[in-house]
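Protein sequences appear in the order of chains Z and W. Take the first sequence: its position 48, counting from 1, is numbered 48 in my numbering, and each next residue is one higher. Take the second sequence: its position 46, counting from 1, is numbered 1046 in my numbering, and each next residue is one higher.
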Amino acid sequence: EDKVVQSPLSLVVHEGDTVTLNCSYEVTNFRSLLWYKQEKKAPTFLFMLTSSGIEKKSGRLSSILDKKELFSILNITATQTGDSAVYLCAVDTGTASKLTFGTGTRLQVTL
Amino acid sequence: NAGVTQTPKFQVLKTGQSMTLQCAQDMNHEYMSWYRQDPGMGLRLIHYSVGAGITDQGEVPNGYNVSRSTTEDFPLRLLSAAPSQTSVYFCASSYHRTGNSPLHFGNGTRLTVT
């Protein structure tokens, strides 16, 4: 059974801190790994990673994939209160067009 | 630029009632899907469609039906609601099968079955 595990489950940091969110996976067929941010409603797309070792970056957010060790990290530098959300990791196994999601990491950024 | 639109936003049903959750997208996406999100379980795929007239089951299809008569619409039908179907339902679409382009999600429907 395909599995995606995220850690930590939740995290509270102060504004300005740097955080690292983890995502490990065990799947039968890997196609890509995706990160989403979910505030109150719809998950919104952050990154898609398909090749190992390549860093994707957007402003203060960055992500890297290690296909050998089967994990990805999402880094957020200089956190702001607007970064408070649940961050979801998903793996596309290319099987039946199905994304397997982790349960998410809830990040709270306090003043 | 509406994206993926879901209606209703909230719904309360009694056990045994049926209803349809509506989903429409205006991005000409081929692929559409329904997920449910439960605490501690992550998002789980219910049904999906790779194009008009084609549907298939996901991970948790029991108790749900779908149809795809047009590219834009992908309704989800609950045949006989059960308390276990209390959840938040998300419709999502993408231009190609996932892996080529990311899923775009609607804002969700919160369903309570009493």
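Yeah, the Cβ is synthetic: ideal placement off N, Cα and C, and Gly gets one too. Nothing here was measured: the structure is a model prediction, and the numbers come from that model.
Is the Cβ of residue i closer than 9 angstroms to any Cβ of chain Z?
i	result
P1061/W	no
R1068/W	no
H1029/W	no
Y1064/W	no
G1106/W	yes
Measuring CB to CB, does residue i end up less than 9 angstroms from residue j?
i	j	result
I73/Z	L21/Z	yes
L99/Z	V109/Z	no
A1024/W	T1005/W	yes
R1110/W	M1019/W	no
What does residue i reach in chain W if we use C-beta pairs closer than 8 angstroms?
i	result
F71/Z	None at all; the shortest Cβ gap to chain W is about 17 angstroms.
For chain W, find out if any of its Cβ atoms is closer than 9 angstroms to the Cβ of residue i; answer yes or no.
i	result
T105/Z	no
V4/Z	yes
K41/Z	yes
Under 7 angstroms between beta-carbons, which chain Z residues line up against residue i? List them in chain order, please.
i	result
P1102/W	L34, F45 and M48
Answer yes or no: the CB of residue i versus the heavy atoms of the ligand SAM, is any distance below 8 angstroms?
i	result
F71/Z	Absence of the ligand SAM from the depicted structure is noted, as is the absence of any ligand whatsoever, leaving it without description.
Closer than 9 angstroms by beta-carbon distance: list the chain W residues that pair up with residue i, in chain order.
i	result
K98/Z	S1033, L1045, Y1048, G1058, E1059 and T1098
Name, please, each residue of chain W whose Cβ falls closer than 7 angstroms to the Cβ of residue i.
i	result
G102/Z	G1042
Identify the contact partners of residue i in chain Z, using a Cβ-Cβ distance below 8 angstroms as the criterion.
i	result
F1090/W	A42 and P43
Beta strand (DSSP E) containing residue i: first to last residue?
i	result
D1056/W	I1054 to Q1057
A85/Z	A85 to D92
D66/Z	L61 to D66
Q. Going along the stretch 61 to 87 of chain Z in order, which residues come within less than 9 angstroms of chain W, judged by CB to CB distance?
A. If you check each beta-carbon in the stretch 61 to 87 of chain Z against every beta-carbon of chain W, none falls closer than 9 angstroms.
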